[in-house]
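Q: Protein sequence lines, in the order shown, are assigned to chains A and B.
In this text, residue positions in the first sequence follow the working numbering: the first is 264, and each later residue adds one.
In this text, residue positions in the second sequence follow the working numbering: the first is 10, and each later residue adds one.
Think of the CB as a built atom: it goes at the ideal place given N, C-alpha and C, for glycine as much as any other residue.
For clarity, every value in this text was computed on a predicted model and none was experimentally measured.
Right, I'll just put the structure down here and ask away after.
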Amino acid sequence: MATSKELLDTELLRLVTAGSVDDGKSTLIGRLLYDTKQILVDQLEHIEDASRRRGHDYVDLALLTDGLRAEREQGITIDVAYRSFVTPRRRFQLADAPGHVQYTRNMVTGASTADVAVILVDARQGVIEQTRRHSYIVSMLELPHVVYAVNKMDLVDYSEARFDEIVRDLSELASQLHVHDPAMIPISALKGDNVVDKTDAMPWYAGTTLLDHLESIELAADLNVADRRFPVQWVIRPMADEHHDYRGYAGQVAGGTWRRGDAVVVLPSGRRSTVASVETLDGPIDEAIPGQSATILLADDIDVSRGDLLADPDDLPIVAREVTARVCWMSERPVEVGARVLIKHTTRTVAARIDEIVSVVDIATLEDTPSPGKMELNDLGVVRFRLAEPLAVDPYARNRATGAFVIVDEATNETVGAGMVVDAASS
Amino acid sequence: MRALSHLDALESEAIHIMREVAAERERPVLLFSGGKDSIVMLRLAEKAFRPAKFPFPVMHVDTGHNFPEVLEYRDRRVAELGERLVVASVQESIDKGRVVEQTGPRASRNQLQTTTLLDAIEEHGFDAAMGGARRDEERARAKERIFSFRDDFGQWNPRAQRPELWNLYNARIRKGEHIRVFPISNWTELDVWQYVAREQLELPSIYFAHERDVFRRDGMLYAASEFIERYPDEDTFAATVRFRTVGDMTCTGGVLSEARSLVDVVDEIAATNVTERGETRADDRVSEAAMEDRKRVGYF
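See the structure below:
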C-alpha cells in the first residue's frame, strides 16, 4: 500500500459499475479491492468464513460487496452501494448498481454522479439486451467515459477472435448510442487477468489493464469551464457588528471559472452586478472551479436569494417555463399526463405539470413508442413539463449540473423520477 | 486547469450537503461525539457558514461513560467556536426509567443511547440530525443514503430509500419524521486523517500513543475504568496505546502504537491491515448484521 504522502494530492474518480451477478460484477469489484490491497485482514477473514459456510472451496470475492441481510440470504444486490478504494495514483469512489431489469433506476442513480462507467460483458454471450440497456443509460446520463470489461475470457479460451468479434459489436453499439470515449478490455475477474495485473494469458492484447485505464483517464478535460453558472444555495449574513454589511452568496460552482471582476447576471430576475470577491473560510481565492464550494460577494447591493442562478451575462442559460426532458420514472406508482409534481433543479424547487409524455423507449429494441399515455417504474422516456415558476436551465448534454433535476411527489415526499433537460422554452 | 484534489472534492461535497440541510430543514442539529469524524464535521460547518454562526446547535449524546479527555475537548472546542451545545444524557434516560442499565462485565450503554438520541430529537423538535458516519465503516452503511429518511419511530428501512441523484437531495418530510444526514459519507478513515493533518485540527489526546492501564478481552485492549467490570481473569497492565475511534469506554478498544504525532498516525493508518471498526469496536462484533440491526431501530 502507498504511503500517506503519496496519497495526499490525488484526484477523485467516481465510477459506476453495471452488470449482473452472472456477469461476475461482484467478483470484479472484489478483485479490484483485493488486488489493490484494500481488503483488510478482518474483512478477508469474514468472507473466508462466509465462503466456507456456503460450501465454497474458494474465497468468494463477491461476498465482499453484499451489504444487507436480505441480499446475503437471497444472493442478490438490492440497492446501490458506495465504496472507496485508493491506489498511489488515484482515489476511487465506486457506485455499485445492480444489473437486473427491474433495477434501471439504481443504474441511473449510480451513473448520475459518475465520471466513468464500467459495463460488464460476458465473453460467452457477447452483446446482449442488458449491454444495450446499460449503454443506453450511460449515454443518456452523458457519462464522459465508458469502459466495457469483457469478462470471463478464461471461459472462451482467451480467444482473440472472440474478443475481436465482441469489440466489433460493442463499437457499433457505442457509435449508434453516442457513448463517450468507449474502451474495451478483455479480462477475467475470477482469475485476475488484466484487472489490476497484466496477464500472460492474452499475449495478443497490447492495451492497458482495467485499473491502468481508470487511473489514466483525464478528468480535468471533463469540466465545463466555458459556461459560468453558480446556483445560490445559502446567503451568509453574519448579523454581527464586525461584518455588518457582509452578504455572501454560498454555493457549489456548476460551470465555468469564477474570478473577481467577472460580470454577473442574476436569474431569473435579470439584475446585473460584478463579482467583488470569491472566498472560502481561508479568505479570498484566485478562482473557483466546477464542483468547488465557495462564497461569492457582489459589488452591488441587489436582491439575491437561494434558488437564484448567477451566470455570465454573455452566455445565458434558458430561463424556461416549459422543459422537455429525458426522464427515468422511479416510483412504483405510474405517472400520467396531467400529473402535478415538484421539480428540484439546482437549489430551486418549483411546481410543474406533465403536459405530454412524448415517448417511452422499449429497452429491448431501443425503439421509441410515441404517446404512451403513462410511464411506469423503470421506464425511460421523453416528457414535456410546464413550470409554475421559471427555472434557468441548460441542456443536460452541455452541463450535467444545470441540466439535471429530480421529480418529487408532493403528497408522499418521495423522489419519483430523474430528469435531463433536452430542450426548453421561455413561454 | 486541473480537477480538484480528492480532499478538496470531498470537502466541497460535504459543505454543499450541510448548506442544503440548513436551507431546506427548519431545525437541524449537528451531532458531535468528540471523535475525529465529528471534529472534521465542525471544521466543515465553519467552512460552510463562516463568518456567520452555525444555523444549528451542536448536540452530544453523553453516555456518562466517555473518556474524560474527550469531554474536556468538547467543552473547550465548542466554546472556542462560540456555538451552542446541547447535551443529551443517557444517565438521565436511565434515571427517568426510559431505559434500563445493563449489568455485568459485558454491560454497555452503547445501545441505550439510541433512546436518548430519539428522545432528544423529539424534545427539541429537530428535523434533521447531521452525523459523521462514513460508508467505509461498515457494510450496511455502504448502502445508506446521504440523506437518510427516518419514520415516526426513528427507524431506517433499507428497502424504501429515496433514490439520490447528482447533488440534488430530497429533504422533504412530514411532521414527526426526521432525516439523518451524513455529509462525509464518501470519506474513508484515511481521508479523515489526511484532512485532520491538512487543516491542522487538534484532536483529543487519546488518539495519540500514550501510556495507560488496559486489559485484554476478545483480542482487544480496553481502557481500565470504573465504567467497566472485569472478569476475575482479566488483569490490567500498562501499555502504550492509541484509540482509532472514540466511543463509549465500554465498547472502544485501543491499539498498541508508538504513533505520537499526526504524521505517525497517518502513516500507520495508510499501512494498516485491519478496518477501524473490526479492530476497535466491540459493538459491531455481535453479529454479522449488527450495524444493520441497530440502524433499523434508530442508531446513528
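Check the DSSP bridge columns for A/Cys591 and list the partner residues they point to.
A: Locating residue 591 of chain A in the first sequence gives position 328, where the first residue counts as 1. Partner(s): A/Leu643, A/Ala681.
Q: Counting only the same chain and skipping the five closest in sequence on each side, list residues whose C-beta sits under 8 Å from that of B/Val295.
A: As a working note, residue 295 of chain B is residue 286 in the second sequence. Annotation note: pLDDT 44 at B/Val295 (below 50); position unreliable, coordinate value reported separately. Hits under 8 Å: none found.
Q: According to a CB-to-CB cut-off of less than 8 Å, which residues of the stretch 533 to 563 of chain A neighbour chain B?
A: Thr543, Leu544, Ile552, Gly554, Gln555, Ser556
Q: Which partner residues does B/Ala54 have in the DSSP bridge list?
A: Numbered from its first residue, the second sequence carries residue 54 of chain B at position 45. DSSP output for B/Ala54 lists no bridge partner at all.
Q: For the stretch 112 to 128 of chain B, enumerate the residues whose C-beta is nearer than 8 Å to any C-beta of chain A, in chain order.
A: none
Q: Around the C-beta of B/Phe246, are 16 or more other C-beta atoms found within 10 angstroms, so that it is buried, or is it exposed?
A: For the purposes of this step, residue 246 of chain B is taken as the residue at position 237 of the second sequence. By the neighbour-count rule (16 or more Cβ atoms within 10 Å), B/Phe246 is not buried but exposed.
Q: Give me the chain A residues within the contact set of B/Ala142, using Cβ-Cβ distance strictly less than 7 Å, ordered along the chain.
A: For the purposes of this step, residue 142 of chain B is identified with residue 133 of the second sequence, where counting begins at 1. Contacts between B/Ala142 and chain A, judged by CB atoms closer than 7 Å, are missing: the closest CB pair is about 12 Å apart.
Q: Compare the C-beta of B/Lys184 against all C-beta atoms of chain A and say whether one is closer than 8 Å.
A: Working through the second sequence from its first residue, we reach residue 184 of chain B at position 175. So no, B/Lys184 is outside the interface.
Q: From B/Thr261, B/Val272, B/Asp46, B/Val274, pick the residue whose C-alpha is nearest to that of B/Ala116; which is it?
A: As a first step, residue 116 of chain B is located in the second sequence; it is residue number 107 there, counting from the start. That would be B/Thr261, whose Cα lies nearest to the Cα of B/Ala116.
Q: According to DSSP, is A/Gln356 helix, strand or coil?
A: The residue labelled residue 356 of chain A in the question sits at position 93 within the first sequence. DSSP places A/Gln356 within a strand segment (E or B) once states are collapsed to three.
Q: What residues of chain B sit near A/Ile310, judged by a beta carbon separation below 8 Å?
A: Translated into the one-based positions of the first sequence, residue 310 of chain A becomes position 47. Correct list: empty, because the minimum Cβ distance to chain B is about 11 Å.
Q: I need the DSSP call for B/Ala232, collapsed to helix, strand or coil.
A: As a working note, residue 232 of chain B is residue 223 in the second sequence. Strand.
Q: So, is the C-beta of A/Pro501 closer than 8 Å to a C-beta in chain B?
A: For the purposes of this step, residue 501 of chain A is taken as the residue at position 238 of the first sequence. Chain B contact via Cβ: present.
Q: Within 10 Å of its beta-carbon, does B/Glu146 have 16 or more other beta-carbons around it, so buried, or fewer, so exposed?
A: If you number the second sequence from 1, residue 146 of chain B lands on position 137. Per the 10 Å Cβ criterion, buried.
Q: Would DSSP call B/Met68 helix, strand or coil?
A: The count along the second sequence starts at 1 and reaches residue 68 of chain B at position 59. Strand.
Q: By Cβ distance, which residues of its chain are closer than 6 Å to A/Leu418, with the 5 residues on each side in sequence left out?
A: Position 155 of the first sequence, counted from the first residue, corresponds to residue 418 of chain A. Within the same chain, Arg387 come within 6 Å of A/Leu418 by CB-CB distance, once the 5 residues on both sides are set aside.
Q: Which class does A/Thr558 belong to by DSSP, given the choice of helix, strand or coil?
A: The sequence position of residue 558 of chain A within the first sequence is 295, counting from 1. Here A/Thr558 sits in strand by DSSP.
Q: Any chance the stretch 221 to 230 of chain B sits against the stretch 77 to 95 of chain B, with 3 or more Cβ pairs inside 8 Å?
A: Between the stretch 221 to 230 of chain B and the stretch 77 to 95 of chain B there are fewer than three C-beta pairs closer than 8 Å, too few to call the two in contact.
Q: If B/Pro213 sits next to B/Gly73, beta carbons under 8 Å apart, how far is it from one beta carbon to the other, in whole angstroms?
A: Indexing the second sequence from 1 puts residue 213 of chain B at position 204. Indexing the second sequence from 1 puts residue 73 of chain B at position 64. Their Cβ separation, rounded to whole angstroms, is 17 Å, which puts B/Pro213 and B/Gly73 out of contact at 8 Å.
Q: With a Cβ-Cβ cutoff of 8 Å, do A/Arg492 and A/Leu572 count as a contact?
A: Here residue 492 of chain A refers to the residue found at position 229 of the first sequence. Here residue 572 of chain A refers to the residue found at position 309 of the first sequence. Yes, the Cβ-Cβ distance between A/Arg492 and A/Leu572 is below 8 Å.
Q: What in chain A is Cβ-close to B/Arg171, meaning under 8 Å?
A: Here residue 171 of chain B corresponds to residue number 162 of the second sequence, with the count starting at 1. Simply Glu677, Thr678.
Q: Could you list the residues in the stretch 610 to 636 of chain A with a C-beta less than 9 Å from some C-beta on chain B, going in chain order?
A: Going along the stretch 610 to 636 of chain A in chain order, one finds Thr610, Thr612 with a Cβ nearer than 9 Å to chain B.
Q: Which chain A residues are close to B/Arg253, counting only those with a beta carbon under 7 Å from its beta carbon?
A: Looking up residue 253 of chain B in the second sequence gives position 244. Within 7 Å Cβ-Cβ: nothing; B/Arg253 doesn't reach chain A, min ~12 Å.
Q: Taking the CB atoms as reference points, tell me whether B/Asp46 and B/Arg143 lie closer together than 8 Å.
A: In the second sequence, residue 46 of chain B corresponds to position 37, counting from 1. In the second sequence, residue 143 of chain B corresponds to position 134, counting from 1. Yes.
Q: If you measure from the beta carbon of A/Tyr345 to each beta carbon in chain B, is any gap under 8 Å?
A: Position 82 of the first sequence, counting from 1, holds the residue named residue 345 of chain A. Closer than 8 Å to some Cβ of chain B, the Cβ of A/Tyr345 qualifies, so yes.
Q: Measuring straight from C-alpha to C-alpha, what distance separates A/Ala674 and A/Ser594?
A: Within the first sequence, the letter at position 411 stands for residue 674 of chain A. Within the first sequence, the letter at position 331 stands for residue 594 of chain A. A/Ala674 and A/Ser594: Cα-Cα distance of roughly 13 Å.
Q: Please report the Cβ distance between A/Glu689 and A/Ile581, rounded to the nearest whole angstrom; I am assuming they are in contact, meaning their Cβ atoms lie under 8 Å.
A: Taking the first residue of the first sequence as 1, we reach residue 689 of chain A at position 426. Taking the first residue of the first sequence as 1, we reach residue 581 of chain A at position 318. Note that residue 689 of chain A corresponds to Ser in the displayed sequence, not to Glu. Yes, they are in contact, since the Cβ atoms of A/Ser689 and A/Ile581 sit about 7 Å apart, within 8 Å.
Q: Under 7 Å between beta-carbons, which chain B residues line up against A/Val669? List them in chain order, please.
A: As a position in the first sequence, residue 669 of chain A is number 406, starting the count at 1. Chain B residues near A/Val669: Leu174, Leu177, Asn179.
Q: Who are B/Arg251's beta bridge partners in DSSP?
A: In the second sequence, the residue the question calls residue 251 of chain B occupies position 242. Beta-bridge pairing links B/Arg251 to B/Val264.
Q: Classify A/Lys607 as helix, strand or coil using the three-state DSSP reduction.
A: On the first sequence, position 344 is the one that residue 607 of chain A refers to. It is a strand residue.
Q: At the level of alpha carbons, what is the spacing between A/Val410 and A/Met447?
A: Stepping through the first sequence from its first residue, residue 410 of chain A is reached at position 147. Stepping through the first sequence from its first residue, residue 447 of chain A is reached at position 184. One C-alpha to the other measures close to 6 Å.
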